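Data first, discussion second: the structure below is written as structure tokens.
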Amino acid sequence: MQHMDDAFTLLRQAADLLPQDAAAENGQTVGDVREDIVRQEWEMVLGVLIEIGDVHPVSADFWELLAEAARQMMLDRSLRWCEWRGWEVRHGTVRATLSLVGAEEGRRRTAFAADGRLRPMWDIGNRTAGEERELHIARLWVEYAQELGPGETADVRLAPLSPELWRHLKCGDVITMYEARPVAGTATVIEVLPPRG
């Protein structure tokens, strides 16, 4: 049976994968993380490591360590975010500004959870051999929000089920979101990053 490290060991291992000068946007450093580890501020350590990883290039291994630590600490949203970021390292990142149609125009009447569980279809410009529109599924994570409702706009991250079919997108491209008919929203691509892992 393979040995499983506890969450605290995993957090230490993740901190060891960072360069000493890595810092979060708020200025917290790897040194601060190590001090919080000594004080056993485990949830705070996880949060700071996530913040550092969000602004500093890190490996998929880093995110896997944090995901397992979050799972052991029963922090579901942090677990999903770390798994999401690990996926982005391996497959690339597509970010866009999404504007949902209003409730009077579309089928959606309520907000959806913004944590990557929604899997809408997208028209990203691909066509079949018969020149018909092809729709592709991508999970959707809304940045800096717990949910997104009809008529609202937010920056989102997309995790396509077939990332290779999305490689042609570039900043400024407009893509269309569908949950069914009619259109659920439109998004303008703001960043496309290749895989790093």
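Mapped onto the numbering used here, the consecutive letters of the sequence shown carry residue numbers -8 to 188.
Just so it is clear, CB atoms sit at the ideal spot from N, CA and C, and this is done for glycine as well.
Only a predicted model underlies this, so the values are computations on that prediction, with no experimental measurement involved.
Compute the distance between the beta-carbons of residue i and residue j, then report whether it is under 9 Å.
i       : j      : result
Trp78   : Tyr169 : no
Val85   : Pro151 : yes
Asp45   : Ala15  : yes
Phe(-1) : Trp54  : no
Leu109  : Leu131 : yes
Leu1    : Leu57  : yes
Asp(-4) : Glu74  : no
His47   : Leu89  : no
Leu149  : Ala129 : yes
Can you give me the Cβ contacts of residue i inside the same chain, cut-off strictly under 6 Å, excluding the 5 residues immediately before and after it?
i      : result
Ile166 : Trp113, Ile115, Ala178
Arg187 : Val80
Glu134 : Asp146
Leaving aside the five residues before and after residue i along the sequence, list all residues of the same chain whose C-beta is less than 8 Å from its C-beta, in chain order.
i      : result
Pro173 : Val92, Glu96, Gly97, Arg98
Arg3   : Ile28
Gly163 : Thr179, Val180
Met64  : Ala(-2), Trp33, Glu34, Leu37
If you reduce the DSSP assignment to three classes, tell me which class residue i lands in.
i       : result
His127  : strand
Arg98   : coil
Arg189  : It is not possible to answer for residue 189, since the shown part of the chain is limited to -8 through 188.
Pro151  : strand
Pro185  : coil
Leu139  : strand
Ser50   : coil
Gln(-7) : Only weak support exists for where Gln(-7) lies, its pLDDT of 44 falling under 50; the value from the coordinates is given anyway. Coil.
Val85   : strand
Gly116  : strand
Asp7    : helix
Gly176  : strand
Val133  : strand
Asp12   : coil
Shortest alpha-carbon distance to residue i belongs to which of the options?
i      : options                        : result
His82  : Ala51, Asp106, Leu57           : Ala51
His127 : Glu138, Pro111, Gln137, Phe103 : Pro111
Thr144 : Glu123, Asn117, Ala175, Gly38  : Ala175
Leu154 : Val183, Ala171, Glu138         : Reading the sequence as shown, one finds Pro at residue 154 and not Leu. Answer by Cα proximity: Val183.
Gln137 : Gln19, Leu37, Leu156, Asp106   : Asp106
Gln19  : Arg30, Val39, Gln31            : Val39
Ile43  : Gly121, Leu66, Asn17, Gly142   : Asn17
Leu156 : Arg100, Asn117, Ala104         : Asn117
Ile41  : Arg76, Asp67, Arg30            : Arg76
In its own chain, which residues sit with a C-beta less than 7 Å from the C-beta of residue i, not counting the 5 before and 5 after it?
i       : result
Gln11   : Val21
Arg25   : Ala6
Ala102  : Glu138, Leu139, Gly140
Ala61   : Leu37, Ser69, Leu70, Cys73
Gln(-7) : Residue confidence is low: Gln(-7) scores 44 on pLDDT, short of 50, so the model does not pin down where it sits. Its coordinate-derived value is still stated next. Answer for Gln(-7): no residue qualifies.
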